[in-house]
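What follows is a short report on a single structure.
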Amino acid sequence: MATKLYPWQQDVWQQWQQLIATDRLPHAILCAMSDGTGRDVLVQYFSDTLLCLTQGTEPCGFCHSCGLVESGNHPDLHWIRPEVEGKSISVDQIRQCNLWALESSQFNAKRMIIIEPAEKMTESAANALLKTLEAPPKNCQFVLLANSPHHLLPTIRSRCQVWQQPEISSEVIEAWLGETEKLKVSKQSITLNGYLPLAVKSFYQDKKQAAHQQLLSYFDTCVNSSFCHTSEVVKSLIKLDDEGLCWLSYLLSDIQKRQLGIITDWVHCDEKEIIERLAIRIPANTIYKQYLSLNALRQQLNAHSGLNKELLLTQWLFEFIGE
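The UniProt record's numbering puts the sequence shown at residues 1 to 323.
Here it is in C-alpha cells:
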C-alpha cells in the first residue's frame with residue numbers, strides 16, 4: 001500500500017491494533033487532532049486495515065479490496081468533506097452518509113464513513129448524524145476528524161471515543177524533516193507551527209518563512225512609524241488568512257512576556273530585536289488589550305466566513321495605533 005504511517009503515530013496505531021485484534025472497536029471514533037499531524041494518513045491506514053480481506057491488524061496491500069482502496073474506488077469507503085473548500089458540510093451530505101451506513105458491505109466487511117472536518121457540519125447536518133450515532137448500524141465504522149472538537153455538539157462527542165495525538169517533541173520533528181526532506185529547521189519554526197510536523201514542513205517548502213518575516217517587518221514599521229501605513233499589514237494578513245493572525249498573536253504574547261521580565265519560552269525566540277523594540281515602544285496595557293482583541297477577532301473570522309476581513313483588520317490596527 002502507498003499509505004505509510006508517520007513515526008509519531010505509532011503509539012495511537014498500536015492501541016488501535018489492540019482494539020481491532022480484540023474486536024473492541026467503538027462504532028464511532030473522534031480524532032481530535034490537527035491536520036498538521038497527518039491525521040488523514042493515520043485514518044486512511046486504519047480504513048485500509050478494516051477493509052482488507054485478510055481481516056488482520058495491518059492491510060495486506062495485495063487483495064482485491066486493498067487494490068480498490070489504492071485506486072480510490074472502494075464502494076465501502078466514503079470520505080465526507082465540504083463540497084466547496086472552506087464551506088460547510090451540508091445536511092444532504094450527511095443524509096447520504098446515513099444511507100450508506102445502512103447498506104450492506106460489498107465485501108462482507110466493514111463500511112467506512114469518514115467526516116472531515118467534522119466541526120464544519122451545519123447544525124442540521126450534525127443533528128442528522130446524531131440520530132445515526134444513537135442507533136449505529138452493524139459493521140459500520142464512523143471516524144470524525146476535527147481540528148476544533150469543542151465546536152461539535154456535546155451529544156456527538158459523547159457518542160464517540162475521543163483520540164488525541166500525543167505531544168510531538170521538537171527532536172522528533174527535527175529528525176523526521178532532516179531524514180525525509182533534508183531540512184534543517186529552527187526551534188522558532190517548530191514552536192511557531194505548534195509542534196505540528198506537516199505545518200513545519202509547509203513553513204519551509206511553501207516559502208512561508210519569508211512571508212512571516214515580511215509580516216513582522218510590516219507590523220514593526222507600522223507601529224513605529226509616524227506615517228502608520230497599515231495597508232501592507234492588512235494585505236499580508238488577508239493573504240495569510242488565520243495563519244498570519246496566529247503569528248501576530250504569538251508576537252504580542254512574546255512582547256507581554258518581555259514586559260513582565262520573562263526572557264525564556266518565547267515563540268519568536270529568533271526575533272529578540274523586534275520584541276525588545278516593541279516592548280519599549282508600546283505600553284503594556286495596550287499590548288494586553290490588543291492581544292485579547294486580536295484573538296477575539298480570529299474567533300469571529302473563523303466562525304463567520306462572510307465578514308469583511310479587510311475592514312475588521314484595518315479597524316483593529318487603527319485601534320492599536322491610536323491607543
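All residues carry an ideal CB built from backbone N, CA and C; glycine is no exception.
query: To which residues of the same chain is Ala175 closer than 6 Å at the C-beta, ignoring the five residues directly before and after it?
result: For the purposes of this step, residue 175 is taken as the residue at position 175 of the sequence shown. Counting only residues of its own chain and dropping the five nearest sequence neighbours on each side, Ala175 has no CB closer than 6 Å to any other CB.
task: Name the two residues that bound the continuous alpha helix (DSSP H) containing His212.
output: Position 212 of the sequence shown, counted from the start, is the residue given in the question as residue 212. Lys208 to Asn224 is the span of the alpha helix (DSSP H), which, as asked, contains His212.
Start and end residues, alpha helix (DSSP H) containing His229: One-based indexing of the sequence shown puts residue 229 at position 229. From DSSP, His229 is part of no alpha helix (DSSP H); its letter is neither H nor E.
- prompt: Among Ala125, Pro154 and Arg159, which residue has its Cα nearest to the Cα of Pro136?
  reply: Taking the sequence shown and counting its residues from 1, one reaches residue 136 at position 136. Minimum Cα distance to Pro136 is reached at Arg159.
- prompt: In the region 10 to 45, which residue ranges form an unbroken beta strand (DSSP E) of at least 3 residues, counting only runs that do not cross its ends?
  reply: Restricted to the region 10 to 45, the beta strand (DSSP E) segments that are unbroken, complete and at least 3 residues in length are 28 to 31, listed in chain order.
message: Using a 10 Å radius around the Cβ and a threshold of 16 neighbouring Cβ atoms, would you call Ala199 buried or exposed?
response: Position 199 of the sequence shown, counted from the start, is the residue given in the question as residue 199. Sixteen is the threshold: when 16 or more other Cβ atoms of the shown chains lie within 10 Å of the Cβ of Ala199, as they do, the residue is buried.
message: Based on DSSP bridge pairs, tell me the residues matched to Phe203.
response: Stepping through the sequence shown from its first residue, residue 203 is reached at position 203. Answer is none; Phe203 lacks a bridge partner.
- prompt: Is Ile262 helix, strand or coil when you go by DSSP?
  reply: For the purposes of this step, residue 262 is taken as residue 262 along the sequence shown, with counting starting at 1. Per DSSP, reduced to three states, the secondary structure at Ile262 is coil, with no helix or strand assignment.
message: Spatial neighbours of Met1 within its chain, please: C-beta separation below 7 Å, excluding the five flanking residues on both sides.
response: What you label residue 1 is simply residue 1 of the sequence shown in a count that begins at 1. With a pLDDT of only 47 at Met1, under the threshold of 50, the placement of this residue in the model should not be trusted, and no figure is reported.
query: What are the start and end residues of the beta strand (DSSP E) that includes Gln300?
result: Mapped onto the sequence shown, residue 300 falls at position 300. Note, Gln300: premise wrong, no beta strand (DSSP E); alpha helix (DSSP H) at Ala284 to Ala303.
task: May I have the straight-line CA-CA distance separating Glu83 from Ile89, to the nearest angstrom?
output: What you label residue 83 is simply residue 83 of the sequence shown in a count that begins at 1. What you label residue 89 is simply residue 89 of the sequence shown in a count that begins at 1. About 7 Å.
query: Thinking C-beta only, is Asn98 closer than 7 Å to Pro117?
result: In the sequence shown, residue 117 corresponds to position 117, counting from 1. In the sequence shown, residue 98 corresponds to position 98, counting from 1. No.
message: Using only the alpha-carbon positions, how far apart do Ala101 and Met33 sit?
response: Looking up residue 101 in the sequence shown gives position 101. Looking up residue 33 in the sequence shown gives position 33. Their backbone Cα atoms lie some 24 Å apart in a straight line.
query: Which residue's Cα is closest to the Cα of Gln165: Trp16, Gln315 and Phe318?
result: Taking the first residue of the sequence shown as 1, we reach residue 165 at position 165. Comparing alpha carbon positions, the residue from Trp16, Gln315 and Phe318 closest to Gln165 is Trp16.
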